[in-house]
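The structure under discussion appears below in the form of structure tokens.
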Amino acid sequence: MRLLVGPEGLDAGRELDDDDLRRVYAAPSQPWLRVNMVSTLDGSATGSSGLSGSINNDADHRVFHTLRAMADAILVGAGTARAEGYRPGDTPIVLVSRRGEVPEKLRGGPPGSVLMATVARAEHLDEAREALGEEHVVVAGTHRVDLAAVRAELVERGWRELLCEGGPHLLRDLLDQGVADELTTTIVPRAVGGTHPRITDGAPVDVPLRLHALVEEDGTLLGRWLV
Numbered sequence: 019m020r021l022l023v024g025p026e027g028l029d030a031g032r033e034l035d036d037d038d039l040r041r042v043y044a045a046p047s048q049p050w051l052r053v054n055m056v057s058t059l060d061g062s063a064t065g066s067s068g069l070s071g072s073i074n075n076d077a078d079h080r081v082f083h084t085l086r087a088m089a090d091a092i093l094v095g096a097g098t099a100r101a102e103g104y105r106p107g108d109t110p111i112v113l114v115s116r117r118g119e120v121p122e123k124l125r126g127g128p129p130g131s132v133l134m135a136t137v138a139r140a141e142h143l144d145e146a147r148e149a150l151g152e153e154h155v156v157v158a159g160t161h162r163v164d165l166a167a168v169r170a171e172l173v174e175r176g177w178r179e180l181l182c183e184g185g186p187h188l189l190r191d192l193l194d195q196g197v198a199d200e201l202t203t204t205i206v207p208r209a210v211g212g213t214h215p216r217i218t219d220g221a222p223v224d225v226p227l228r229l230h231a232l233v234e235e236d237g238t239l240l241g242r243w244l245v
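Residues 19 to 245, numbered by my numbering, are exactly what the sequence shown covers, in order.
Structure, rendered in structure tokens:
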């Protein structure tokens, strides 16, 4: 894995060890919220299985695990967590859902390993409180999840470096509400065609970003784009 564009102190063309990679992906300030997504060269966020796991590769896995190791908490849409089979782990998972429904595989973990960010009128609000504990359910908004309020609540809990892993609707909403600081992308050198989703989905948004770092391995491009 080599650096094409990066921070001061690391020369272009440098082969990156694990410490270098952490320097490349270090947050410029805190609190910080980044969104990490993968897509094919022709813009698909999934492969034939309908999951991101069918298009990512070793380079993407390496950065994925680096970002997770640096994160205080992981945000993910409940639908994405359900589809991708998320389970409780060492880093708290914060589900985002207007319905407030907790996926089965994320129930029963250690207290505080899973949180729910939802709305006051969520269909499954009481169920989420029972499954996770009332203190682990964040109500932000009435009809639409107020993502800025969610971010502020997580920072108040001491989680200052936040990693969002999608899906496309949540990325779109984070950009639209001005909550994301960074989009971290992996572009794998494959084309899959079809009608698969892009890394954003929903109503149009127009948010300019600027390149902060770019890494390459075997044709896979991994970039940091600041909002």
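We put the beta carbon where it would ideally sit given N, CA and C, even for glycine.
Would you mind reading off the limits of the alpha helix (DSSP H) that contains A87?
76-88
So, at 6 Å on beta carbons, what are the nonlocal neighbours of T204 in its own chain, with the 5 sequence-adjacent residues on each side left out?
V56, D78, L240
Smallest Cα separation from S43: which of L192, M134, L180?
Here residue 43 turns out to be Tyr, not Ser, going by the sequence shown. Looking at L192, M134, L180, the one whose alpha-carbon comes closest to that of Y43 is L180.
Given this structure, state the Cα-to-Cα distance separating G196 from S62, to the nearest angstrom.
24 Å
In the DSSP assignment, the alpha helix (DSSP H) including A96 goes from what residue to what residue?
Start and end: 96-102.
Going by alpha carbons, who is nearest to P46 out of G237, L232, E200, V210?
E200
Assuming the contact rule is C-beta atoms closer than 8 Å, L165 and L192 should be a hit. Round their C-beta distance to whole Å, please.
6 Å
Where does S57 sit, in a helix, a strand or coil, going by DSSP?
DSSP, read as helix, strand or coil, puts S57 in strand.
Please look up how many angstroms separate the CB atoms of V112 and L133, rounded, as I've assumed it's under 8 Å.
5 Å
Please report the Cβ distance between R208 and Q48, rounded to the nearest whole angstrom; I am assuming they are in contact, meaning their Cβ atoms lie under 8 Å.
The Cβ separation is near 35 Å, so there is no contact.
Using 10 angstroms around the beta-carbon of T213, count the other beta-carbons present and answer buried if the total reaches 16, otherwise exposed.
exposed
How close, in whole Å, do the beta carbons of C182 and V53 come, if the pair is a contact with beta carbons under 8 Å?
Yes, they are in contact, since the Cβ atoms of C182 and V53 sit about 4 Å apart, within 8 Å.
How would you write the range of the alpha helix (DSSP H) that H187 sits in, first residue to last?
186-194
For the putative contact between T64 and I73, defined by C-beta atoms under 8 Å, what is the C-beta separation to the nearest angstrom?
7 Å
If you count every other CB in all the chains shown that lies within 10 Å of the CB of V155, and 16 or more means buried, which is it?
buried
Residue from D37, V114, H230, P110 whose Cα sits closest to the Cα of R162:
V114
Could you name the residues of the same chain whose beta carbon sits closer than 8 Å to that of R139, not counting the 5 residues immediately before and after it, in chain order?
T160, H161
Closest by CA to R116, which one among R100, H142, G130, P222?
H142
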